[in-house]
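Chemist:
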Amino acid sequence: PVVIVAIDDEEYAIAVLRHRGPEVKTEEKTRLPGKLEAERRESAVQAYLAEAAKALSSVWREVGGPIVIAGPAYMKNRLHNHLKEKHPELAERVSALVSTSSAGQAGVYEAIRSGALDKVLANIRMMEESQAVKELLTRIGKGDGRAVYGEEQTERAAQYGAVETLLITDEKLRTAQDDRRKALENIMHSVEKQGGKIIIVSTEHEAGKNLRSLGGIAALLRFPIQYNNK
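Counting in this note's numbering, the sequence shown runs from 12 upward without gaps.
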């Protein structure tokens, strides 16, 4: 997930972006003193930023993931600086500052539509893919039966209802002929039906190349299967 906070000097919203779309976790509005009351306004801004940072911290501790700060330049940058000073653990997770004309829910959706999150999301996908393949290789190395690879063994594991996470390269899906593609789709449907997770792994990075060397398809299992790799 990605945590998005969209803030200006009137409101902020904090949302969690997952594959199915954004979920707004909290929204707040404020009325700051006018710019002619500089001292009172600055004090109110500091309190407002502290409140937003506290809400952001609460959401982030719940879901984790990278943080994106969106909004008009001034308040967006003020929040980022506030995090650096008061919440360095959050500041370290800020992956992008996105300029939007609005804040609140509208700012969240504007940031998503802008395409500015594409790189952040791509990095998240690559990390997820890399971690899954790393776990696969670890389990294969242990030889404890909690991982399989190759179409035959992966299909067998899916039939047993043993697949926790199915890994398949984008290349394998893209290049499979009709009969093989149908077989792969059947495996994927079987895994989904049994509540398993499916990760399509790009062969553009090292994890995908490692998976390709194992036949382009593999699975992390819920329980061991006594079926030797060939």
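Even for Gly, the Cβ is constructed at its ideal location relative to N, Cα and C.
Would Ile18 and Ala58 be called neighbours here (beta carbons separated by less than 9 Å)?
Modeler: Going by C-beta atoms, Ile18 is not nearer than 9 Å to Ala58.
Chemist: By the 10 Å Cβ neighbour count, where 16 or more other Cβ atoms means buried, how is Gln243 classified, buried or exposed?
Modeler: Coverage of the chain is limited to positions 12 through 241, which leaves residue 243 absent and any answer about it impossible.
Chemist: Given this structure, state the Cα-to-Cα distance separating Arg124 from Gly118, to the nearest angstrom.
Modeler: When rounded, the distance between both Cα atoms is 10 Å.
Chemist: Helix, strand or coil for Lys95, going by three-state DSSP, please let me know.
Modeler: In the structure shown, Lys95 sits in a helix (DSSP, three-state: H, G or I).
Chemist: Please name the residue or residues paired with Pro83 in a DSSP beta bridge.
Modeler: The partner list for Pro83 (beta bridge, DSSP) is empty, contrary to what the question assumes.
Chemist: Quick one: what does DSSP say Glu196 is sitting in, helix, strand or coil?
Modeler: Of the three classes helix, strand and coil, the one that applies to Glu196 here is helix, per DSSP.
Chemist: Could you give the first and the last residue of the continuous alpha helix (DSSP H) run that contains Thr186?
Modeler: Where Thr186 is concerned, the enclosing alpha helix (DSSP H) stretches over 181-186.
Chemist: Just to confirm, are Leu67 and Leu94 a CB contact at a threshold of 9 Å?
Modeler: Their beta carbons are under 9 Å apart, which means Leu67 touches Leu94 by this criterion.
Chemist: For Lys46, which of helix, strand or coil comes out of DSSP?
Modeler: It is coil, neither helix nor strand.
Chemist: When the Cα of Pro83 is compared with those of Gly115, Gly75, Glu73, Ser54, which residue comes out closest?
Modeler: Checked all of Gly115, Gly75, Glu73, Ser54; the closest Cα to Pro83 is Gly115.
Chemist: Check whether the Cβ atoms of Gly156 and Ile78 lie closer than 9 Å to each other.
Modeler: No, they are not a contact pair.
Chemist: Taking 8 Å as the cut-off, does the region 126-142 touch the region 157-176 (at least 3 CB pairs, one atom from each stretch)?
Modeler: Not touching, per the Cβ criterion.
Chemist: How would you write the range of the alpha helix (DSSP H) that Arg167 sits in, first residue to last?
Modeler: Here the alpha helix (DSSP H) through Arg167 covers 162-170.
Chemist: Evaluate Arg185 with the Cβ neighbour count: other Cβ atoms within 10 Å of its Cβ, from every protein chain shown; 16 or more gives buried, anything less gives exposed.
Modeler: It is exposed - the Cβ of Arg185 has fewer than 16 other Cβ atoms within 10 Å.
Chemist: Using C-beta distances below 7 Å, list every residue in its chain close to Thr176, excluding the 5 sequence neighbours before and after it, in chain order.
Modeler: Excluding sequence neighbours, Thr176 sits near Ala143, Gly207, Lys208, Ile210, Ala230, Leu231.
Chemist: Taking its Cβ as the centre, do 16 or more other Cβ atoms sit within 10 Å of Asp190, making it buried, or is it exposed?
Modeler: Per the 10 Å Cβ criterion, exposed.
Chemist: Please name the residue, chosen from Ser110, Ala187, Lys46, that lies closest to His91 on a Cα-to-Cα basis.
Modeler: Closest by alpha carbon: Ser110.
Chemist: Looking at Arg233 and Gly152, is the spacing between their C-beta atoms short of 9 Å?
Modeler: For Gly152 and Arg233, no; Cβs fall outside 9 Å.
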